[in-house]
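The block underneath contains the structure these notes are about, expressed in structure tokens.
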Amino acid sequence: MSDHRLSVAPMVDRTDRHFRYLVRQISRKVRLYTEMTVDQAVLRGKAERLLAFHPEEHPIALQLAGSDPKSLAEAARIGQAWGYDEVNLNLGCPSEKAQEGGFGACLLLDPIRVREILKAMVEAVDIPVTVKLRLGVEGESYPLLARWVEAYGETGVRVFIVHARSALLNLSTRKNREVPPLRHDWVHRLKADFPHLTFVLNGGVRTLEEALPHLEKVDGVMMGRAVYEDPFVLAEADRRVFGLAHRPSRLDVARRMRLYLEAEAQKGTPPWAVLRHMLNLFRGQPGGRLWRRLLSEGRSLDALDQALGLLQEQVGQEGEEEHPDPKGNAAVKRAALGFSRQGI
1 MSDHRLSVAP MVDRTDRHFR YLVRQISRKV RLYTEMTVDQ AVLRGKAERL
51 LAFHPEEHPI ALQLAGSDPK SLAEAARIGQ AWGYDEVNLN LGCPSEKAQE
101 GGFGACLLLD PIRVREILKA MVEAVDIPVT VKLRLGVEGE SYPLLARWVE
151 AYGETGVRVF IVHARSALLN LSTRKNREVP PLRHDWVHRL KADFPHLTFV
201 LNGGVRTLEE ALPHLEKVDG VMMGRAVYED PFVLAEADRR VFGLAHRPSR
251 LDVARRMRLY LEAEAQKGTP PWAVLRHMLN LFRGQPGGRL WRRLLSEGRS
301 LDALDQALGL LQEQVGQEGE EEHPDPKGNA AVKRAALGFS RQGI
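Numbering (the numbering used here), first residue to last: 1 to 344.
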């Protein structure tokens, strides 16, 4: 069974390949998900733009949305061909766009169709097909939720990512993250009732300290916006969740992203496509506001170089991985500044 102990939620306009690469520099093992991708976009759109990812992003899952079993099965096949480790079906998005397209949370109102979709997807690919769903639609009932899990498990799905809120279709996406009450205990109960299945709890978990107690009751935890607001909430994830001696500093990550941005720029990627995801890299740290301002105003590789040079003196080494220097040796600092000047 694949490792779902900790993952980053799919987020529209956030979890693109550049942000996922940033997260991978912080954690080697956390599971990554694409943005929600509509099946028709995969079938008719530009596959390179939608599906390409860096090899370092593994383990990575493609999240699909749609309502037609054949189309979703074909989109899943394409995802497998591109090298994704998992295909996930979105049954949780309550947005107006999702409702107009007949996919996301509203699809839960048609459980027979969901079974047909999942059966088609499972039969189409060799990689795991997983589900991300809410507790219910327009209210929640644990017996109904349990029936869904039982029925969908019969199709071959073994991993259920459960956003521990119901979906209220008359509310905005933002309100759906705030108004429906969280019922984490229901996800714990699902694991107790279906021990042979894998359950990942999603919703309202903002720190690693909050995630760890849930891992005693379920198989995994998925974190969302808190990671985008400060990617370094995952700084201790590899050590505390996966048992790896890996803990990069913010400056380590910024340097790696500098190299990544340089390579992407040579391919024609606009610098801001990468830099916008780096704005919160020094959130709450000395020089963090300066970092954000320089990147926002400059929107270029030169702006990142300037920010790196200025931040070095304020941030210090912060536990550098490859060149530890607890005393903050001046030579190390000069070398770091040289990094940005020479464009190494």
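A virtual CB, placed ideally from N, CA and C, is assigned to each residue, including glycine.
Computed from a predicted model, the values in this text were never measured in an experiment.
Between the segment 205 to 222 and the segment 251 to 260, are three or more C-beta pairs nearer than 8 Å?
Segments in contact, no.
List in chain order: all unbroken beta strand (DSSP E) runs of 3+ residues lying wholly within the segment 64 to 122.
Listed in chain order, the beta strand (DSSP E) elements of length 3 or more contained wholly in the segment 64 to 122 are 86 to 91.
H196 burial status per 10 Å Cβ neighbour count (16 or more: buried):
Around the beta-carbon of H196, fewer than 16 other beta-carbon atoms lie within 10 Å, marking it exposed.
Nearest to L261 by alpha carbon, out of D13, A211, S7, Y21?
Y21
Collapsed DSSP secondary structure at L337 in the structure displayed
Residue placement at L337 is poorly supported in this model, since its pLDDT is 32, which falls under 50; the coordinates are not used for a value here.
Let me confirm a value: G139 is counted as buried when at least 16 other C-beta atoms fall within 10 Å, else exposed. Which label applies?
Around the C-beta of G139, fewer than 16 other C-beta atoms lie within 10 Å, and the residue is accordingly described as exposed.
Tell me, please, whether the segment 12 to 29 touches the segment 236 to 250 by the rule of three or more beta-carbon pairs shorter than 8 Å.
Yes, they touch.
Whole-number beta carbon distance between L201 and V149, since they are thought to touch under 8 Å:
With 8 Å as the limit, V149 and L201 do not qualify as a contact, their Cβ atoms being about 14 Å apart.
DSSP state of H54, grouped into three classes?
coil
In this structure, what does DSSP give as the bridge partners for A61?
Y33, E86
Pairs of beta-carbons, one from the segment 281 to 291 and one from the segment 262 to 270, closer than 8 Å: are there three or more?
no
Counting pairs of beta carbons, one from the segment 287 to 307 and one from the segment 57 to 76, are three or more of them closer than 8 Å?
no
Applying the 10 Å Cβ sphere with the 16-neighbour rule, what's the burial state of P180?
buried
Quick check on this structure: which residue in L135, L294, V187, E154 has the alpha carbon closest to the alpha carbon of V122?
E154
Residue range of the unbroken beta strand (DSSP E) whose run includes S296:
Careful: S296 lies outside any beta strand (DSSP E), inside the alpha helix (DSSP H) at 288 to 298.
DSSP beta-bridge partners for L133?
L91, V162
Looking only at its chain, what residues have a beta carbon closer than 8 Å to the beta carbon of R183, apart from the 5 residues adjacent to it on each side?
L135, E140, A164, R165
Suppose you measure from the CA of R174 to the CA of D110; what does that come to, to the nearest Å?
Using only the alpha carbons, I get a separation of about 24 Å.
Tell me which same chain residues have a C-beta within less than 6 Å of the C-beta of G319, skipping the five on either side of it?
Because the pLDDT at G319 is just 38, under 50, the model does not fix this residue reliably, and the point stays unresolved.
Kindly indicate which three-state DSSP category G220 falls into: helix, strand or coil?
strand
Once you ignore the five residues that flank G364 on each side, which residues in its own chain have a CB closer than 6 Å to its CB?
No answer is possible for residue 364: it lies beyond the span of the chain, which begins at 1 and ends at 344.
Suppose only complete runs of 4+ residues qualify. What are the alpha helix (DSSP H) ranges in the segment 145 to 216, listed by chain order?
As far as the segment 145 to 216 is concerned, its whole alpha helix (DSSP H) runs of at least 4 residues are 173 to 176, 184 to 193, 208 to 214.
Classify T207 as buried or exposed, calling it buried when 16 or more other Cβ atoms lie within 10 Å of its own Cβ.
exposed
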